[in-house]
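Undergrad: Here the protein sequences come in this chain order: A and B.
The letter at position 256 of the first sequence is residue 268 when you use my numbering, and the numbering goes up by one with no holes.
The letter at position 8 of the second sequence is residue 20 when you use my numbering, and the numbering goes up by one with no holes.
Okay, here's the structure, questions in a sec.
2 protein chains.
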Amino acid sequence: MNKVRIGIVGLGNMGSAHTRSLLAGNVPRLEVTAICDLDPKKFAPFPQLKSFTSSGEMIRSGAIDAILIATPHYFHTTIGIDALKNGLHVLVEKPISVHKADCEKLIAAHTNKKQVFAAMFNQRTDPYYIKIRELVKSGELGEIRRINWIITNWFRTEIYYASSTWRATWGGEGGGVLLNQCPHNLDLFQWMFGLPQVVRSFCRFGQYHKIEVEDDVTAFFEYASGATGVFITSTGEAPGTNRLEITCERGKLIYENDAIQFTRNEIETTKFSRTTKESFSAPQTWDIKIPVNGHGGQHNEILKNFTEAILDGKPLIAPASEGIHSVELANAILQSTFDQKAITLPINSAAYRKRLEARIAKSKFKKKTVKAVVTDFSKSFK
Amino acid sequence: MNKVRIGIVGLGNMGSAHTRSLLAGNVPRLEVTAICDLDPKKFAPFPQLKSFTSSGEMIRSGAIDAILIATPHYFHTTIGIDALKNGLHVLVEKPISVHKADCEKLIAAHTNKKQVFAAMFNQRTDPYYIKIRELVKSGELGEIRRINWIITNWFRTEIYYASSTWRATWGGEGGGVLLNQCPHNLDLFQWMFGLPQVVRSFCRFGQYHKIEVEDDVTAFFEYASGATGVFITSTGEAPGTNRLEITCERGKLIYENDAIQFTRNEIETTKFSRTTKESFSAPQTWDIKIPVNGHGGQHNEILKNFTEAILDGKPLIAPASEGIHSVELANAILQSTFDQKAITLPINSAAYRKRLEARIAKSKFKKKTVKAVVTDFSKSFK
């Protein structure tokens, strides 16, 4: 095999963008040969491609070796399992599933390890996050004391939510900003720092938009190490902020405005505190700017890595099995607000699913959909 | 009367600094004539001043018109009441008392309004905070949505805590960073934004130092308006951060590194969100740098204002009666962690006092004191 034939299911904002990018030849050896959507009107821009209104038919068509799943999130699990059982390589958009129990089912279906199973965590290709992760993992920062991520640059307008019935409903998405925009940041959080032990949160549902799910989140994390974290996100703030502050024994690292600034203590904080004879003093510091160029290949780099994993056996940047962590974190944050208490990880996946099903059952939310203009979707890739 | 004779009680770090500053003639028409401390060794650097080991004697000596109280916090209440009852003008260091019930007692003793009663909230003289408050109060920012204050530049070394027996104990201070360092920031918070309605917190006791009180705080505030706030402080981080981010309908204001940056939305966020036809768009913005010069007169400006209030009837920058708000906020933050639940303001002052007394009663903490070097106390005025 010297190329991979891929089918794309779900021609919404993301699926259409991926289809256009592959047709433009952006990813060598990855050829889009089929598309699938419940709405056949979505096929019109792509007359050269085989089209299906049933994912099951596309999966069994023989026209594809791999599938990219870009449907509403609940279908990631069902279509993913169907594709894995039928021998396809699978690349699933984030989140890999809506809740932890679905993640477990989906990951369990990946029995043949010759099939490549990856997740679209494109922000793992960003050299800024790669560099920060290196600094954390290498021990260069010393022990981590506090992580403060304000990631509020996910502004969405009222019509964004109003433009489709499934969006921002418990039944259609299983959550709001935590399930749709923030899986990237939750994945990066656990990829850089691991999962916390205890999660407390204050989520607000429909604070800024006419929706039933959360569009404003403040979460507090405790790690087994004693480190803490604050994670703040919202789709209601403009202009938003993306500022990650890491307090560590070696000082403080700040990522903001496309720059990594590391203020490095010559002596580690605790050692200094315990040995100095002075009441009012602090370690001497170095001001370090860590140079990083650009934001990496993003979606196309994940598509390229997926192709190379299939054809050349390369290791994956984002194995789908790791996608369970960001879902568990999102679920724990929601559960803490549902139950008004601290949640200890790992969560009980069956219990969380029941809690979510109860929300869906008692939802009285009816959305009117209106047609939105999508002038430039790339604005949303922050 | 054309000058004010002041006595200073408590010759610790602050009281000694105030005494030296007044002896240097930094505040016109305010003459330090007496000092008071339990430890007569503290008088040695000031042989020219009348000295007392009893505050009651100094208050009744006829040598002073006014008193500056710079003792450990619990004595602010008792000495303050004694001084007010004996007709003195009173300037009390922050916090005005340790807990709300003591604040109420102290403020109630101020029956003769011809006596000036002020609090040492010197950071209210800082032009940066004055400007931010103006922008908030004038409506220039539009409705406030979220306030995020990371104020962790209160690093203290182990020996700072070890250098006196009363410091950082429930019995001696009634708290840690919230009662000693942060009263400034809690006062500014309520001065700029008012008091929240609900407080949740996660305080950690002795996280970074061998102390029994809190040296690490994450608090979450809810306002009646729907606004939220996050307040993070610590004495265990070096280098610390002082970053205040205000998200508002008119955009976002950030105060950090001696600069105020206002990113102003041409159209207010909610109006934009509800009227645009585009899913992925945001208001056009202006990048505004708001010029501010220097950090103001600080302690000496409060001393000058106190003198002018007495001699010229000028309005106070920081009336002591306003000092109850920062104490109530500090108490609510501690109570939320004590009780592991959300606390609604106003708090029950008698109930909080009982809770604190119980902490003192069951404290088994014994401190060994060691002698610290104080090379440059001014480093601590952040």
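In this text, a Cβ means the ideal position worked out from N, Cα and C, and glycines have one as well.
So what does DSSP say about Lys-62/A, is it helix, strand or coil?
TA: Of the three classes helix, strand and coil, the one that applies to Lys-62/A here is strand, per DSSP.
Undergrad: What does Ala-131/A pair with, by DSSP beta-bridge criteria?
TA: Partner(s): Val-104/A.
Undergrad: Give me the Cα-Cα distance between Leu-96/B and Gly-335/B, rounded to the nearest whole angstrom.
TA: Each residue's Cα considered, the two are about 16 angstroms apart.
Undergrad: Would a check of beta-carbon distances place Phe-195/A closer than 7 angstroms to chain B?
TA: Here the sequence assigns Pro to residue 195/A, which means Phe is not the residue at that position. Judged by the 7 angstroms Cβ criterion, Pro-195/A is not in contact with chain B.
Undergrad: Beta-carbon separation of Ala-239/B and Arg-367/B under 7 angstroms?
TA: Not a contact, by the Cβ cut-off of 7 angstroms.
Undergrad: Pull up the distance between the alpha-carbon of Asp-324/A and that of Val-210/B, whole angstroms please.
TA: Using only the alpha carbons, I get a separation of about 57 angstroms.
Undergrad: Which of helix, strand or coil does DSSP assign to Arg-212/B?
TA: Arg-212/B falls in the strand class under three-state DSSP.
Undergrad: Check for me: the beta strand (DSSP E) holding Arg-365/A runs from which residue to which?
TA: Unbroken run through Arg-365/A is the alpha helix (DSSP H), 361 to 374; no beta strand (DSSP E).
Undergrad: Can you tell which of Phe-217/B, Ile-108/B and Pro-139/B has the C-alpha that lies nearest to the C-alpha of Val-304/B?
TA: Checking every option, the nearest Cα to that of Val-304/B belongs to Pro-139/B.
Undergrad: Return helix, strand or coil for Arg-52/A, following the three-state DSSP convention.
TA: According to the sequence as given, residue 52/A is Pro; it is not Arg. Three-state result, Pro-52/A: helix.
Undergrad: Taking DSSP as the reference, what is the three-state secondary structure of Asn-277/B?
TA: Asn-277/B: strand per DSSP, three-state reduction.
Undergrad: How should Asp-351/A be labelled, buried or exposed, when 16 other C-beta atoms within 10 angstroms of its C-beta is the threshold for buried?
TA: It is exposed - the Cβ of Asp-351/A has fewer than 16 other Cβ atoms within 10 Å.
Undergrad: Tell me whether Lys-301/B sits in a helix, a strand or coil according to DSSP, three-state version.
TA: Here Lys-301/B sits in strand by DSSP.
Undergrad: Which chain B residues sit within Cβ distance under 7 angstroms of Lys-289/A?
TA: The answer, in chain order, is Ile-171, Ala-384 and Val-385.
Undergrad: Lys-264/A CB to nearest chain B CB: under 7 angstroms?
TA: With 7 angstroms as the cut-off, Lys-264/A counts as an interface residue toward chain B.
Undergrad: So for Glu-268/A, helix, strand or coil by DSSP?
TA: It is a strand residue.
Undergrad: CB-CB under 8 angstroms to Trp-399/A, same chain, minus the five flanking residues each way: which ones, in chain order?
TA: Outside the displayed span of chain A (13 to 394) sits residue 399/A, for which this structure offers no information.
Undergrad: Spatial neighbours of Glu-268/A within its chain, please: C-beta separation below 6 angstroms, excluding the five flanking residues on both sides.
TA: These residues qualify, in order along the chain: Arg-255.
Undergrad: Would Phe-201/A count as contacting chain B if we go by Cβ distances under 7 angstroms?
TA: By this cut-off, Phe-201/A is not an interface position.
Undergrad: Quick check on Glu-234/B: buried or exposed, where buried means 16 or more other Cβ atoms within 10 Å of its Cβ?
TA: It is buried - the Cβ of Glu-234/B has at least 16 other Cβ atoms within 10 Å.
Undergrad: Identify the contact partners of Pro-295/A in chain B, using a Cβ-Cβ distance below 7 angstroms as the criterion.
TA: The contacting residues are Ala-250.
Undergrad: Comparing the C-beta of Thr-281/B with each C-beta of chain A, is any distance below 7 angstroms?
TA: Judged by the 7 angstroms Cβ criterion, Thr-281/B is in contact with chain A.
Undergrad: If you follow the beta strand (DSSP E) that Arg-32/B is part of, which residue opens it and which one closes it?
TA: That residue, Arg-32/B, is in no beta strand (DSSP E); its alpha helix (DSSP H) goes 25 to 35.
Undergrad: Strictly below 7 angstroms CB to CB, what residues from chain A border Arg-286/B?
TA: By Cβ distance, chain A contributes Glu-170.
Undergrad: Taking a Cβ distance cut-off of 9 angstroms, strictly less, list which residues of the region 133 to 159 of chain A are near chain B, in chain order.
TA: Result list: Arg-157 and Arg-158.
Undergrad: How about Ser-175/B: is its C-beta nearer than 7 angstroms to some C-beta of chain A?
TA: Yes, because at least one Cβ of chain A sits closer than 7 angstroms to the Cβ of Ser-175/B.
Undergrad: Using a Cβ-Cβ cut-off of 7 angstroms, state whether Phe-167/A counts as contacting chain B.
TA: Answer yes: the Cβ-Cβ gap between Phe-167/A and chain B drops below 7 angstroms somewhere.
Undergrad: Do we get a CB-CB distance below 7 angstroms when we pair Phe-205/A with the residues of chain B?
TA: No, its Cβ sits nowhere closer than 7 angstroms to a Cβ of chain B.
Undergrad: Do Tyr-364/A and Glu-88/A come within 7 angstroms of each other at the CB atom, strictly closer than that value?
TA: Sequence check: residue 88/A is His here, not Glu. Result no, Cβ atoms of His-88/A and Tyr-364/A do not sit closer than 7 angstroms.
Undergrad: For Lys-374/A, collect the residues of the same chain with a Cβ closer than 6 angstroms to its Cβ; drop the 5 residues on either side in sequence, then sort them by chain order.
TA: Nothing meets the Cβ criterion.
Undergrad: If we define contact as Cβ-Cβ less than 7 angstroms, is Thr-65/B a contact residue for chain A?
TA: Cβ-Cβ to chain A under 7 angstroms: no for Thr-65/B.
Undergrad: If I measure Cβ to Cβ from Gly-24/B and keep anything under 7 angstroms in the same chain, skipping five residues before and after, which residues do I get?
TA: Only Ala-82 meet the Cβ criterion.
Undergrad: Out of Val-39/A, Arg-32/A, Arg-41/A and Glu-43/A, point me to the one whose CA is closest to Lys-54/A's CA.
TA: Checking every option, the nearest Cα to that of Lys-54/A belongs to Arg-32/A.
Undergrad: At a Cβ threshold of 7 angstroms, is Phe-232/B touching chain A?
TA: Judged by the 7 angstroms Cβ criterion, Phe-232/B is in contact with chain A.
Undergrad: Does the beta carbon of Thr-356/B come closer than 7 angstroms to any beta carbon on chain A?
TA: No, no contact with chain A.
Undergrad: Curious, which full-length beta strand (DSSP E) runs of at least 3 residues does the region 180 to 234 of chain B contain?
TA: As far as the region 180 to 234 of chain B is concerned, its whole beta strand (DSSP E) runs of at least 3 residues are 210 to 217 and 226 to 234.
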